[in-house]
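Residue numbers (our numbering): 9 to 545. In this text, a Cβ means the ideal position worked out from N, Cα and C, and glycines have one as well.
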């Protein structure tokens with residue numbers, strides 16, 4: 009297919025290999041070599057297209073960015089031309105870096121400006137989170153190591169990107185490396201004298217927009233005074249998205265400091281939280297000033313975390329009811345369900361006793377009857393069960409769940425989580441098989457592909473939650489609030505939906521019977537499994 013890039017074309021799609029658009033007559037072969045295959049996206053600056061170069065063997069794929077000025081006045085066109093040339097020069101300077109798309113060509117045709125760049129085959133980090141769920145703390149640290157190394161290179165070349173966000177970072181399929189895209193011309197740093205002269209003459213068409221993305225751009229950038237630390241703020245905001253799957257501007261802001269109120273929703277180690285906090289400081293003077301500073305701080309935080317883990321392993325302590333857990337990966341195994349925790353405790357106790365016992369004693373123990381071994385194990389299991397029941401009454405807290413998940417734990421099978429508040433939490437791909445979740449608050453939570461098989465969710469709050477591809481086989485959702493929940497492709501096989509509120513829920517592709525839905529509350533906003541809206545009868 010050939011795609012027409014004329015903004016006014018009423019029908020841009022055309023048959024392949026024809027020279028001119030059938031709808032508007034525009035030339036479909038740019039510069040006599042680039043044929044547009046399809047549109048990729050459109051923004052304030054113009055549009056992006058996928059193209060093939062018919063002048064080269066194999067017709068390699070490339071990306072063409074078209075800059076469309078908002079107005080046709082001569083001074084606006086001249087400013088657009090200057091900014092366009094500046095972006096081309098910028099990409100020419102840094103295009104040899106392996107984490108930046110190479111500039112292949114640039115040209116102007118009838119007031120429309122075009123940049124031709126290397127095509128990066130892969131997924132953006134935004135797509136990656138949508139498909140696979142949020143990152144762990146370790147995953148975010150690995151992201152930072154890659155992106156900060158690139159940022160260090162850009163700032164050394166006096167370039168401020170100004171629009172770092174998950175949608176502008178692609179993980180390249182061929183080598184798994186992160187590539188930063190979209191060095192938009194209108195996002196390049198503008199000389200202060202040019203800005204003042206333009207403002208005095210009313211020529212502000214390109215200095216008053218496209219300066220960043222809400223939630224990722226700091227205050228000084230929104231005030232048209234970006235510095236290198238502005239990019240560091242954007243990287244910190246990207247970390248929040250990777251950890252939660254939520255846009256940073258959804259967390260709210262402190263009215264006095266303008267800082268994002270992210271801490272209640274992000275559960276990471278204290279040392280890493282300090283690094284994030286300084287990256288996201290509202291005032292530039294309180295923020296890291298260079299990518300190198302952040303990398304050093306990350307190195308210190310990692311060493312501190314390793315030291316703390318070593319101390320925990322040497323001196324395990326039990327979690328009591330009055331304090332929030334910080335040792336969830338220590339020897340108390342508190343993140344595990346009760347039966348698994350008991351088994352781990354038995355194994356640890358046996359290993360410890362075996363080290364202390366002389367070899368002759370171990371030989372004699374092996375020769376003793378199995379009945380004695382079973383008796384000892386039973387007594388130990390009983391003691392362990394009593395001890396575990398003293399940990400918050402055998403029930404995990406919201407803090408324990410968040411911290412455990414943040415450290416990479418996803419198995420909460422058979423756990424008691426009833427009544428706890430996990431609103432807006434990210435627990436994608438977690439396992440809650442057989443867990444007790446009655447009256448739990450999971451409103452607006454990211455529960456992508458979670459397993460709730462045989463779980464008790466009586467009167468649970470799942471309003472506006474992302475439950476795409478989640479499994480509820482044989483679960484009890486009686487009286488649960490699922491208003492506005494995203495249940496696309498979810499499995500509700502043999503699920504009890506009596507009294508469940510599904511008003512406004514999206515059940516497209518969900519495995520659920522009409523009989524089950526007769527017991528639930530629905531309205532005209534409920535989307536049926538066939539993708540249509542109407543009453544379920």
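Worksheet item: For residue 61, does the three-state DSSP call read helix, strand or coil?
Response: In this structure, residue 61 counts as strand in the three-state DSSP scheme.
Fill in: Contacts around residue 107, its chain only, beta-carbon distance under 7 angstroms, and the 5 residues preceding and following it disregarded
The answer, listed in chain order, is 158, 185, 186, 187 and 188.
Item to complete: Going by DSSP, name the residue or residues bridged to residue 74.
Response: 55 and 122
Discussion item. Between which residues of its own chain and residue 135 is the CB-CB distance below 6 angstroms, once the five residues before and five after are set aside?
Written reply: none
Worksheet entry | Three-state secondary structure assigned by DSSP to residue 489 | strand
Practice prompt. Taking all protein chains shown into account, decide if residue 269 is buried (16 or more other Cβ within 10 angstroms of its Cβ) or exposed.
Written response: Classification for residue 269: exposed.
Discussion item. Can you give me the C-alpha to C-alpha distance between residue 71 and residue 113, rounded to a whole angstrom?
Written reply: Spanning the two alpha carbons is a distance of roughly 10 angstroms.
Discussion item. To the nearest angstrom, how far is the alpha carbon of residue 491 from that of residue 538?
Written reply: 18 angstroms
Discussion item. Going by C-alpha to C-alpha distance, which of 96, 176, 38 and 231 sits closest to residue 49?
Written reply: 176
Worksheet item: So, is residue 399 buried or exposed, given that buried needs 16 or more other C-beta atoms within 10 angstroms?
Response: Its pLDDT being 37, under 50, residue 399 is placed unreliably in this model, and the coordinates cannot settle the point.
Worksheet item: Taking residue 431 as the reference, which of 47, 87, 258 and 20 has the closest Cα?
Response: 258
Practice prompt. List the endpoints of the continuous alpha helix (DSSP H) containing residue 156.
Written response: 145-164
Item to complete: Look up residue 132 in the DSSP assignment and give the residues it is bridged to.
Response: 178
Discussion item. Helix, strand or coil, according to DSSP, for residue 547 in the structure here?
Written reply: Nothing in the structure corresponds to residue 547, since the chain is present only between 9 and 545.
Worksheet entry | Assigned secondary structure, residue 372 (DSSP; H/G/I helix, E/B strand, else coil) | Residue placement at residue 372 is flagged as unreliable, the pLDDT there being 47, under the threshold of 50; the coordinate-derived value follows with that caveat. For residue 372, the secondary structure class from DSSP, reduced to helix, strand or coil, is helix.
Fill in: Secondary structure of residue 526, DSSP reduced to three states
helix
Worksheet item: Can you find at least 3 beta carbon pairs, one from the stretch 164-179 and one from the stretch 468-484, that sit closer than 8 angstroms?
Response: Segments in contact, no.
Worksheet item: residue 256 and residue 242: beta carbons closer than 7 angstroms?
Response: Cβ atoms of residue 256 and residue 242: not closer than 7 angstroms.
Worksheet item: In the DSSP assignment, what are the bridge partners of residue 21?
Response: 11
Worksheet item: Taking the beta strand (DSSP E) that residue 188 falls in, what are its first and last residues?
Response: 186-188
Worksheet item: Should residue 440 and residue 463 be called a contact, given that it needs their Cβ atoms to be closer than 7 angstroms?
Response: yes
Fill in: Own chain partners of residue 528 with C-beta closer than 6 angstroms, once the 5 adjacent residues on each side are dropped
505, 508 and 510
Worksheet item: Between the C-alpha atoms of residue 415 and residue 145, what's the straight-line distance to the nearest angstrom?
Response: If you draw a straight line from the Cα of residue 415 to the Cα of residue 145, it comes to about 6 angstroms.
Practice prompt. Please report the residue range of the alpha helix (DSSP H) in which residue 267 lies.
Written response: For residue 267, there is no enclosing alpha helix (DSSP H), since its DSSP letter is neither H nor E.
Fill in: For residue 257, three-class secondary structure by DSSP
helix
Practice prompt. Apply the 10 Å Cβ neighbour rule to residue 20 and answer buried if 16 or more other Cβ atoms are within range, or exposed otherwise.
Written response: Burial call: buried.
Worksheet item: Secondary structure at residue 296, three-state DSSP: helix, strand or coil?
Response: coil
Item to complete: May I have the straight-line CA-CA distance separating residue 327 from residue 447, to the nearest angstrom?
Response: Note that residue 327 scores 36 on pLDDT, short of 50, meaning its location in the model is unreliable; the coordinates nonetheless yield the value given after this. Looking at the two C-alpha atoms, the distance is approximately 24 angstroms.
Discussion item. What does DSSP give as the partner residue(s) for residue 115 in the beta ladder?
Written reply: Answer is 122, bridged to residue 115.
Worksheet entry | Near the ligand ATP: residue 301 beta-carbon under 6 angstroms from a heavy atom | As for the ligand ATP, it is missing from this structure, which has no ligand bound.
Discussion item. In the DSSP output, which residue or residues are listed as bridge partners for residue 444?
Written reply: 424 and 464
Worksheet item: Do the stretch 474-491 and the stretch 281-288 meet, that is, are 3 or more Cβ pairs less than 8 angstroms apart?
Response: no
Discussion item. Helix, strand or coil for residue 378? Go by DSSP, reduced to three states.
Written reply: A caution first: residue 378 carries a pLDDT of 44, below 50, which makes its placement in the model unreliable, though a value can still be read off. Under the three-state reduction of DSSP, residue 378 is assigned to helix.
Fill in: Element boundaries [alpha helix (DSSP H), containing residue 237]
236-252
Worksheet item: Is the stretch 163-172 close to the stretch 121-137, with three or more CB pairs under 8 angstroms?
Response: no
Worksheet item: DSSP three-state call for residue 97: helix, strand or coil?
Response: helix
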